Structure formats: C-alpha cells, structure tokens
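Heads up: the structure comes next, in structure tokens.
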Amino acid sequence: MSVQAGSETEAQSPPQRSLATSAARNLATTTKSAPQMQEITSRWLLKMLPWVSVQGGTYRVNRRLSYSVGDGRVEFIKTGTQVQVIPAELGELPLLRAYEDLDVLTELAARCQQLDFAAGQELTSFGSPSDKVFLLAHGRIDQVGPGPYGEDAVLQTVADGAYFGEDSLVDEEAIWEYTARAATSGTALVLSRQDFQLLADRVDSLRAHVESVRSLPAQRTNKYGEAAIDLSAGHQGEAVLPGTFVDYEAKPREYELSIAQTVLRVHTRVADLYNQPMNQTEQQLRLTVEALRERQEHEMLNNTDFGLLHNADYDQRIQPHDGVPSPDDMDQLLSMRRGSKMFLAHPKAIAAFGRECNRRGLYPESIDVGGHRVPSWRGVPIFPSSKIPISDARTTSILCMRTGEEESGVVGLHQPGIPDEIEPSMSVRFMGISEQAIISYLVTAYFSAAVLVPDALGVLENVEIGRWR
C-alpha cells in the first residue's frame, strides 16, 4: 500500500527546489513602461494651425460687405422610400430668402414632386425652356454644357442638398443653360413654376415677398460677391475720378471660445503610496490631457457651430468627378484659393488617393514637416486625421486650407495665460478632497477655430474610399 502511494505521489509533480517567479517578483524591481493609450493620434490640425490669442473669450471676424443670399443647402426628411423637404429649408432659395410664413412654406413643400433617377438619365436639356426647380436630396448630378470647341464639358457637379433652376420660378423666358445628367442614381424633389404661381396668386404675403425681391436694385459686386470698390485705370488727361469707400459687414460674426472639461479623481492612498518609480497623479493627468486634446481636434472639425466641416462656404464645396479622389479633383481644390498650406484627410481617403495615383502611373512626392515624411500634392502636404467622419456609404471629405491671419486664412483660437495653466489655454485646478479621501482636479481646455474669408477653406465632399479598380 505504501509503495503504491509513493508511486502516485512521484507521478504527480517533482518537488519544488527553488523560489517561484511569482514570489520572486514581489522582491524584484520590474522594468515597466509609462501608461500607454491607443487614442493618441498625430493631431496635425492642432500642430499646423496658427493660433491667435483671444482676450475676453470672443473673436470678431470683420469682413468687407458681401451680398450672398440663398447659398446654403436644403435638408430633407426620409421615411422609407419617401423623401420630403423640410419646409423652413426652402428659405435657402434666393427667391424665398427671409420669407418666414411657415404655413405657406409647408404647402410649397407639399407641392414638391419626388423624382427618382438612374445613372446617365438627363433631367434637363440644354436650350430647352426652364419651368421647374430641382432640389437634390441624394445623388450626384453633372451640369454639362458646350465647350469652347463644341464638345460637351462638365461645368459643375452638384450633390446632396444642392438646388438648381431656381430662376425659373418667376422668369417665364428662362431656359436651361446646361444639361443636367445624373452621374449616379438618386432622388430629387421638383417644384414647378405653375404650382408656385398658383400659390403666390392665392397668398398675398408670398406674392408681395416675390415682388419685393424682384424689385430690389442689382447690387454692384465683384466676382466674390463683395460690395464693389469704384476705381479708374488707364485714363488720360484730367478725367474725373470716381469716389468710393470700402463697406463692411454691419453684423460681423463673433466666435466664442468653446470648452472641453473633465474632473480627474485620484485616491489619496494611491497618490501617497504608489508614486515610485512613476508619479501616479502625473501619469493620470498626462493621459487626461491627451484625451482632451483629441476631443479638441474632433470639435474643431465636427462642431456644428465652429467646426471646419460645417463652416466651409457652399461655393467652396466641390464633388469628385468620378467618386474617387483623383489628381484632377485635388487640382481643382487647389485652384479655388491662393496660397494653400495644407490638405487634411482621413487616412483611408489618402490611401484612396494613392490608389488613383498608382492607377495613372503618378508618384506624389513626400515632403519633410518637422522631421516627418508627409505625402504631398503639388508641394502641399496632405496630413492625416481620423477625426474626419466616414459615412455609412463609405464616403468622406478632404479639406484644403490657407492658414494665418496675415493671409486671411483659417486660424485656431485660444486664450493663453489663464489661471493654473499647464499648457496654453489649458488649466488644471485643485478642487479639494472628498470625505472618501478622493482628490479631484478640474481639467479645462478653451479653444475654437475661425475661417477669416470664405475661400480660405475648401472641401472635396462625398469622396469614395471603398472602390478598388
């Protein structure tokens, strides 16, 4: 019996003859890294934007007076396969600008007829009478007109939220100056001149509004829509020189600094006993600051009030000619402004642009920016940012901007010198110790962004990133 029991013991495991590693590490000092965080990105937008110090928390952008009306986008409501325009959004049409009778706008919206079109379908024909306005809910439309030598040329490409043919609502002699050809399938709402006139004849307020808009004298403007400055050049002798002045916007836009905050909590026991070899409070604070800076960049791109994606002027938004981001599209984006300093795109959009360059046998150069090799196009660096959203349809946007106050570009706004500052416009304030012995710190960042003139920022929208060919 005893022999058999001994055999079983020997078969189980050999006796321990040295100290186990699990016990030894209790007496050893391990080599360890500082706490790591995957959320940290390169944050090129924060690095490359010139920052303007804002005193008083508000930044006013004074501009030369401009006459831009009805240059926004129309928004829609989709219920299943049915699409309806939001009645108040009809005020984006120049003819209905500042018209506030919501009941009348609701009736106008109800008169819009839904049109589902297929790729290649022609919605209008060049030279034919124009008697309707198209509100584009979804899809991409090429406006094709005659080129200088008789060939067809794409004059403009419009997409979701755009409208065209608005002059035909009141001009009985209007004709289509282009052929509207669908580049993709989509949906549009159509409002005819007949339906509009029937309602205007019945509603006095609408008729009076239309007459007042049509009776306004034409404003003398430059090609950017700004009030003209009268000048004389090339004259001889004692010609009478024109008098002029530069008019300013009566109500310039003001940007208030936005805020990102959090409360960092650290238990006193952790702060007292576990500070070697790394200070726990410092490491907690370091990662919290990184998270706040990530949120700051996200807000500067996506905030509906001051975010760059929402503040690009409608005239500075273009659509890709073939869906994918091509060198032609990037060239067009560059041509819309002087002194472009940077592109900003989602990494997947940069990869899609690289695939298109490879397909054409082009090899964009990379340039050195602060010791980093960054891809570029025409000498303008293309910086990645994962904060630019990707839609469910696998489309995204590419931004191109001119930067700096001196160049009337895009600037970041902050207020350095605030109390308890640890970085410019970021502070950490001690809030006390609770009854549970928890130390609290208020971590705050103030920031915003401003586009000084409309052409400082351009956006290539609806870029397809999932197409491989």
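In my numbering, the protein residues as written are 493 to 961. Cβ atoms here follow ideal geometry from the backbone N, Cα and C, with glycine treated the same way. The structure displayed is predicted, hence computed values, not measured ones.
Query	Result
Neighbour-count burial assignment, Asn771, 16 or more Cβ in a 10 Å radius	exposed
Under 9 angstroms between C-beta atoms of Glu1017 and Pro586	Outside the displayed span of the chain (493 to 961) sits residue 1017, for which this structure offers no information.
Proximity winner among Phe835, Pro769, Ala601, relative to Pro527 (alpha-carbon distances)	Pro769
Paired residues, beta bridge with Glu913 - DSSP	Ser919
DSSP beta-bridge partners of Lys624	Ser684
First through last residue of the alpha helix (DSSP H) which encompasses Thr827	Reading the sequence as shown, one finds Ser at residue 827 and not Thr. Start and end: 819-827.
Other residues of its chain near Ala843: CB distance less than 8 angstroms, five sequence neighbours each side excluded	Ile957
Ala680 beta carbon less than 9 angstroms from that of Leu628	yes
Backbone secondary structure at Ala571 - three-state DSSP	Sequence check: residue 571 is Thr here, not Ala. Residue state, collapsed to three classes: strand.
Same chain, Cβ closer than 7 angstroms to Pro867, five either side skipped, listed in chain order	Ile842, Pro856, Ser858, Ile874
Length of the line joining the Cα atoms of Asp884 and His838	15 angstroms
Selection from Arg685, Leu934, Ala942 that minimises the alpha carbon distance to Pro744	Ala942
Neighbourhood of Ala611 by C-beta distance below 6 angstroms, restricted to the same chain and skipping five residues each side	Ala674, Thr676, Ser677
Three-state class that DSSP yields for Asp608 in the structure shown	strand
Inter-residue CB distance, Leu826 and Ile890 (contact presumed, cutoff 8 angstroms)	Between Ile890 and Leu826 the Cβ distance is about 11 angstroms, and since that is not below 8 angstroms, they are no contact.
Any non-hydrogen atom of the ligand GTP within 8 angstroms of Tyr855 CB	Looking at this structure, you won't find the ligand GTP or any other ligand, since it has none at all.
Nearest-angstrom Cβ-Cβ length linking Leu949 and Tyr551, presumed shorter than 8 angstroms	Leu949 to Tyr551, Cβ: 16 angstroms. No contact.
Range of the contiguous alpha helix (DSSP H) that encloses Glu782	772-794
Reduced DSSP secondary structure (H/G/I, E/B, other) of His802	helix
Burial state of Val755 (16 or more Cβ within 10 Å)	exposed
CA nearest to the CA of Asp652, picked from Asp593, Met893, Phe568, Cys604	Phe568
Cβ distance (whole Å) where His802 is taken to contact Thr796 below 8 angstroms	5 angstroms
Sequence-distant residues of its chain with Cβ nearer than 8 angstroms to Ile532 (five each side left out)	Glu782, Glu786
Proximity below 9 angstroms, CB of Arg632 to CB of Val816	no
CB-CB length for Trp536 against Thr616, believed under 8 angstroms	Contact doesn't hold; Cβ gap of about 42 angstroms is too wide.
Reduced DSSP secondary structure (H/G/I, E/B, other) of Glu703	helix
Alpha-carbon spacing of Pro876 relative to Gly853, whole angstroms	23 angstroms
Spatial distance of Gly691 from Phe939 (CA atoms)	Per the sequence shown, residue 691 should be read as Leu rather than Gly. Looking at the two C-alpha atoms, the distance is approximately 48 angstroms.
Identity of the residues DSSP links to Ala941 by a beta bridge	Gly904
Ordered list of beta strand (DSSP E) runs contained in the region 831-907, each at least 3 residues	834-837, 858-861, 864-869, 872-876, 887-893, 902-906
Assigned exposure category for His864 - 16 Cβ within 10 Å defines buried	exposed
Limits of the beta strand (DSSP E) - the one that Thr649 falls within	644-650
Candidates Glu643, Val920, Asp947, Leu661: closest to Asp807 by CA position	Asp947
At least three beta-carbon pairs within less than 8 angstroms, the region 759-766 to the region 908-922	no
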